[in-house]
Amino acid sequence: AQMLVQALTAQDHALLEEVLHYKKTVTVEKTLSRLPITHVIPLILALTVKVESKPSRGGELTIWLRHLFITHRSYLLSSPDVASQLQPLYKLIDAQLNNYPKLTKLQGKLELLLQEKKSEEELGAPVSPLSLEEEEELLESSDDEMSD
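If you read the sequence shown in the working numbering, its first letter stands for residue 6, the second for the next number, and so on.
Spelled out as structure tokens, the structure:
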């Protein structure tokens, strides 16, 4: 916890990355249990910035967020202005949830196409590639759904 506090206080990104490298639940829980409450919101905001800048890290950093909320829930629930302080996190979650239905729909279409191809191959029917028009139509419909 000392390294984490030092990283947050000094805004030392390299040191913070070193601390966040740990992913074992026990280590994360112990570290966060010793984190002073004055550093809870700064850590949440630092984690939010990291996920915003590199969404692929969301999974690994969610471990830290989850345990941070569990460990310090009483502080977060009793703090009167916590909702306003966590606006960046709310916005990040809303943005990612907004894209989820579109991606799920696209995934369903791709799975349907792959299943159709697999069925045709199993039946021994010749598999005809998509015509250029069919391919463009599929891409356009996917683009339209992603922009909705």
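In this text, a Cβ means the ideal position worked out from N, Cα and C, and glycines have one as well.
Check your understanding: Measuring CA to CA, which of 37, 36, 22 is closest to residue 55?
Key -> 22
Practice item. Would you tell me roughly how many angstroms separate the C-alpha atoms of residue 99 and residue 92, rounded to the nearest one? Key: 10 Å
Review point. Are the CB atoms of residue 42 and residue 87 nearer to each other than 9 Å?
Key: no
Check your understanding: Mind checking whether residue 83 and residue 90 have CB atoms under 9 Å apart?
Key -> no
Practice item. For residue 40, name the three-state secondary structure that DSSP assigns. Key: coil
Review point. Terminal residues of the continuous alpha helix (DSSP H) containing residue 99?
Key: Note, residue 99: alpha helix (DSSP H), 92–128.
Check your understanding: Could you give the distance in angstroms between the alpha-carbon of residue 48 and the alpha-carbon of residue 66?
Key -> If you take the alpha carbons of residue 48 and residue 66, they lie about 11 Å apart.
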